[in-house]
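Enquirer: Numbering (the numbering used here), first residue to last: 980 to 1523.
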Ligand code: ADP
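1. For the alpha helix (DSSP H) containing residue 1105, list its first residue and its last residue.
2. Any idea if residue 1027 is buried or exposed, counting beta-carbon neighbours within 10 angstroms, 16 or more meaning buried?
3. Cβ atoms of residue 1336 and residue 1295: under 8 Å apart, would you say?
4. With DSSP as the reference, label residue 1230 as helix, strand or coil.
5. Let me check understanding here. Comparing Cα to Cα, which of 1234, 1073, 1419 and 1206 lies closest to residue 1226?
6. Since residue 1239 and residue 1276 are thought to touch, with beta carbons under 8 Å apart, how far apart are those beta carbons, to the nearest angstrom?
7. Any heavy atom of the ligand ADP within a distance shorter than 7 Å of the CB on residue 1307?
8. Pull up the CB-CB distance for residue 1120 and residue 1050, whole angstroms please, since I reckon it's below 8 Å.
9. Could you tell me if the beta carbon of residue 1332 falls within a distance shorter than 7 Å of some heavy atom in the ligand ADP?
10. Only counting the same chain, and skipping five residues up and downstream in sequence, which positions put a Cβ closer than 6 Å to that of residue 1186?
11. Nearer than 7 Å: is that true of the beta carbon of residue 1075 relative to any heavy atom of the ligand MG?
12. How should residue 983 be labelled, buried or exposed, when 16 other C-beta atoms within 10 angstroms of its C-beta is the threshold for buried?
13. Among the residues of its own chain, which have a CB less than 6 Å from the CB of residue 1422, if the five just before and after it don't count?
14. In whole angstroms, what is the alpha-carbon distance linking residue 1532 and residue 1446?
15. Mind the definition here: the region 1378-1389 touches the region 1214-1229 only if three or more C-beta pairs lie below 8 Å; say whether that holds.
16. For residue 1002, count neighbouring C-beta atoms within 10 Å of its own C-beta (all shown protein chains included) and say buried if the count is 16 or more, exposed if not.
17. What distance in whole Å lies between the Cβ atoms of residue 1046 and residue 1063, which are believed to be in contact at a cut-off of 8 Å?
18. Go ahead and pull the three-state DSSP assignment for residue 1065.
19. Please name the residue or residues paired with residue 1072 in a DSSP beta bridge.
20. Please classify residue 981 as buried or exposed, where buried requires at least 16 other C-beta atoms within 10 Å of its C-beta.
21. Between the region 1402-1417 and the region 1366-1376, are three or more C-beta pairs nearer than 8 Å?
22. Can you tell which of 1322, 1460 and 1244 has its C-alpha closest to the C-alpha of residue 1010?
23. Would you say residue 1454 touches the ligand ADP, meaning its beta carbon is less than 7 Å from a heavy atom?
24. Taking only the alpha-carbon atoms, compute the straight-line gap between residue 1331 and residue 1291 and give it to the nearest angstrom.
25. Is the beta carbon of residue 1194 closer than 8 Å to that of residue 1347?
26. Helix, strand or coil for residue 1055, going by three-state DSSP, please let me know.
27. Between residue 1101 and residue 1487, what straight-line distance do the alpha-carbon atoms span, to the nearest angstrom?
28. Suppose you measure from the CA of residue 1174 to the CA of residue 1372; what does that come to, to the nearest Å?
29. By DSSP, does residue 1140 sit in helix, in strand, or in coil?
30. Using C-beta distances below 8 Å, list every residue in its chain close to residue 1159, excluding the 5 sequence neighbours before and after it, in chain order.
31. For a test of the three-state rule: what should DSSP assign to residue 1441, helix, strand or coil?
32. Going by beta-carbon coordinates alone, are residue 1534 and residue 1065 separated by less than 8 Å?
33. Give every residue of the same chain whose Cβ lies closer than 6 Å to the Cβ of residue 1204, excluding the five residues on either side of it in the sequence, and list them in chain order.
34. Can you find a CB in chain C that lies within less than 8 Å of the CB of residue 1380?
35. Per DSSP, what are the beta-bridge partners of residue 1096 in this structure?
36. Can you determine whether any heavy atom of the ligand ADP sits closer than 7 Å to the C-beta of residue 1165, and answer yes or no?
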């Protein structure tokens, strides 16, 4: 027997309609590329997203065609999120930190028809435009007066976003009744594991992911929050914040390009930001600023740390020093991205402070909707005992089924997506990442977790950043080498750092050596680029 309830598609246009209707006057604040601070609200976002949709109609951009963005976090980018996807086109967010050749490759692969960009990326546009003949319109996210004549000459079909919107009708736009499984947006993986591959999200996957992300044990966002996504809107839809915020009616504060600790502190403080999300490298800057100020931004209550493992010292600094609750989370571009978040269960109330902290260094337990299993090299399932490790596989309504036009067979195995992460899971479902499979260190046939080694180093007061990589060893196959950037003015030698490990990890896990460097290479999404680091080390060692 079928249920007798109404059938409504889960669409992105429904999110902006809801936010504008019930939270219309809730603010959207943006620090702009122009340098000033701009104030909008959910009602205005809808209004301008509708104008944008009229504009795309006028240009004849078809349903399903791609509209790309090369932009920081800001209100215009948010309008594109809703105007493009809401009207049935596909929003393709391009990562501007990639090499221009890679950007051109991605734009051509996605067959983008329109590309909207922040003025800070004008040099990239000038470099890639001649290589992207399929792009019919280039839209500079600025006022008409701010458009340099030289750029207009160099890029055919260029116009200013504000001039374009001003020409459009203010009449309400009738959002199309799309099939909820139609594509809504796309994002290329950052290519740390080879060529970028396109993940194509649907309206349904996006809305369900936003709803799961809003749950209390995930972000717990509400209409009383002001959320600042540090995580870029060009990387996995800023972890869904633009959608979740609309769904709950939260205020959004966009940082634009200013992601240093001082700028973030000031914006959070003045806009009463209560919640923020970003990768560990960003939080290093903010924590340093909090130290200087001797306080936290006045309303900051919770932060989500993900993208790379949150070091224990970082969790401790936020919570114990500043009273800011940390939620450690894990995900992937292929998972929209959220898969797990680390929140306590009732039974954990009896743990002591150290045990609770230890649990928080795990990536947490699955969100409702995400199913997990761990398998060994032969594909057999591995026990959830908190010790046995294997590759994590996932499935669920916001997990990728196939890459867009990759020319390869679907990566799924029996319906499960292999994540490439090597993990253990405890009987309560808390998952702990040991490493990405390509980064694991195998010494004498046993795995050493580079993440654990890095965590210990990060808790040393003289260490600004640490990375652990495998180096070949004649007897043990591989041994861990610790690479360290010292804090400015701090002094520490290899011997002292290695001694610091005693009693903290198994003896045979202690790295064989420490290499001090000026900087550790970071990828386009702010994560340590271990492939590049290994190359650099090889160069260093062959020179020595
Ligand atoms: P890419 O795969 O292109 O680097 P993603 O942002 O999709 O870009 O990266 C996903 C990967 O990032 C995960 O598979 C995992 O290895 C790593 N990751 C994400 N969150 C965490 C976390 N909290 N702890 C450790 N690793 C993480």
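Don't be surprised by glycine CBs; every beta carbon is placed ideally from N, CA and C.
Predicted model, so just to flag it, every value in this text is computed and none were measured.
Expert: Straight from the coordinates:
1. Counting from one through the chain shown, the residue named residue 1105 turns up at place 126. Looking at the DSSP string, the run of the alpha helix (DSSP H) that includes residue 1105 is 1101-1107.
2. Counting from 1 along the chain shown, the entry for residue 1027 is found at position 48. Per the 10 Å Cβ criterion, buried.
3. Here residue 1295 corresponds to residue number 316 of the chain shown, with the count starting at 1. Here residue 1336 corresponds to residue number 357 of the chain shown, with the count starting at 1. Cβ atoms of residue 1295 and residue 1336: closer than 8 Å.
4. Reading the chain shown from its first residue, position 251 is the one you call residue 1230. The answer is strand: DSSP assigns residue 1230 an E or B state.
5. Along the chain shown, read from residue 1 onward, the residue named residue 1226 stands at position 247. Out of 1234, 1073, 1419 and 1206, 1206 has the C-alpha closest to the C-alpha of residue 1226.
6. Along the chain shown, read from residue 1 onward, the residue named residue 1239 stands at position 260. Along the chain shown, read from residue 1 onward, the residue named residue 1276 stands at position 297. Your pair residue 1239 and residue 1276 does not check out as a contact, with CB atoms roughly 14 Å apart and the cut at 8 Å.
7. Taking the chain shown and counting its residues from 1, one reaches residue 1307 at position 328. Checking the Cβ of residue 1307 against the ligand ADP gives yes.
8. Counted from its first residue, the chain shown places residue 1120 at position 141. Counted from its first residue, the chain shown places residue 1050 at position 71. Contact flag correct, Cβ pair sits at about 6 Å.
9. Looking up residue 1332 in the chain shown gives position 353. False, no ligand heavy atom lies under 7 Å from that Cβ.
10. Working through the chain shown from its first residue, we reach residue 1186 at position 207. Only 989 meet the Cβ criterion.
11. For the ligand MG, the structure offers nothing, since it holds only the ligand ADP.
12. Translated into positions along the chain shown, residue 983 becomes position 4. Its Cβ having fewer than 16 others within 10 Å, residue 983 is exposed.
13. Within the chain shown, the letter at position 443 stands for residue 1422. The residues are 1455, 1457 and 1458.
14. Given a span of 980 to 1523 for the chain in the structure shown, any question on residue 1532 remains unanswerable.
15. no
16. Stepping through the chain shown from its first residue, residue 1002 is reached at position 23. With 16 or more Cβ atoms within 10 Å of its Cβ, residue 1002 is classed as buried.
17. Here residue 1063 refers to the residue found at position 84 of the chain shown. Here residue 1046 refers to the residue found at position 67 of the chain shown. That belief holds up - the Cβ atoms of residue 1063 and residue 1046 are roughly 5 Å apart, short of 8 Å.
18. Looking up residue 1065 in the chain shown gives position 86. Three-state DSSP puts residue 1065 in a helix.
19. For the purposes of this step, residue 1072 is identified with residue 93 of the chain shown, where counting begins at 1. Assignment of beta-bridge partners to residue 1072 by DSSP yields 1048 and 1166.
20. Taking the first residue of the chain shown as 1, we reach residue 981 at position 2. By the neighbour-count rule (16 or more Cβ atoms within 10 Å), residue 981 is not buried but exposed.
21. yes
22. On the chain shown, residue 1010 is found 31 positions in, with the first residue counted as 1. Taking only the C-alpha atoms, the option nearest residue 1010 is 1244.
23. Here residue 1454 refers to the residue found at position 475 of the chain shown. Incorrect: residue 1454 has no Cβ contact closer than 7 Å to the ligand ADP.
24. The residue given as residue 1331 occupies position 352 in the chain shown. The residue given as residue 1291 occupies position 312 in the chain shown. Residue 1331 and residue 1291: Cα-Cα distance of roughly 15 Å.
25. Counted from its first residue, the chain shown places residue 1347 at position 368. Counted from its first residue, the chain shown places residue 1194 at position 215. Taking 8 Å as the Cβ cut-off, residue 1347 and residue 1194 qualify as a contacting pair.
26. The sequence position of residue 1055 within the chain shown is 76, counting from 1. Reduced to three states, the DSSP call for residue 1055 is helix.
27. As a position in the chain shown, residue 1101 is number 122, starting the count at 1. As a position in the chain shown, residue 1487 is number 508, starting the count at 1. When only Cα atoms are considered, residue 1101 and residue 1487 end up about 51 Å apart.
28. By one-based count along the chain shown, residue 1174 stands at place 195. By one-based count along the chain shown, residue 1372 stands at place 393. Each residue's Cα considered, the two are about 21 Å apart.
29. Reading the chain shown from its first residue, position 161 is the one you call residue 1140. In the structure shown, residue 1140 sits in a helix (DSSP, three-state: H, G or I).
30. Reading the chain shown from its first residue, position 180 is the one you call residue 1159. Around residue 1159, the same chain offers 988, 989, 990, 1181, 1182, 1183 and 1186 as residues with beta carbons nearer than 8 Å, after the five sequence neighbours per side are excluded.
31. Residue 1441 sits at position 462 when you count from the first residue of the chain shown. Judged by DSSP in its simplified three-state form, residue 1441 adopts coil rather than helix or strand.
32. As shown, the chain starts at 980 and ends at 1523. That puts residue 1534 outside it, with no answer to give.
33. Taking the first residue of the chain shown as 1, we reach residue 1204 at position 225. Counting only Cβ-Cβ distances below 6 Å, and skipping sequence neighbours, we find 1229, 1253 and 1254.
34. Judged by its chain identifiers, the structure shown contains no chain C, having just a single protein chain.
35. Working through the chain shown from its first residue, we reach residue 1096 at position 117. Note: residue 1096 sits in a beta bridge opposite 1049 and 1119.
36. Taking the chain shown and counting its residues from 1, one reaches residue 1165 at position 186. No, the beta carbon of residue 1165 sits no closer than 7 Å to any heavy atom of the ligand ADP.
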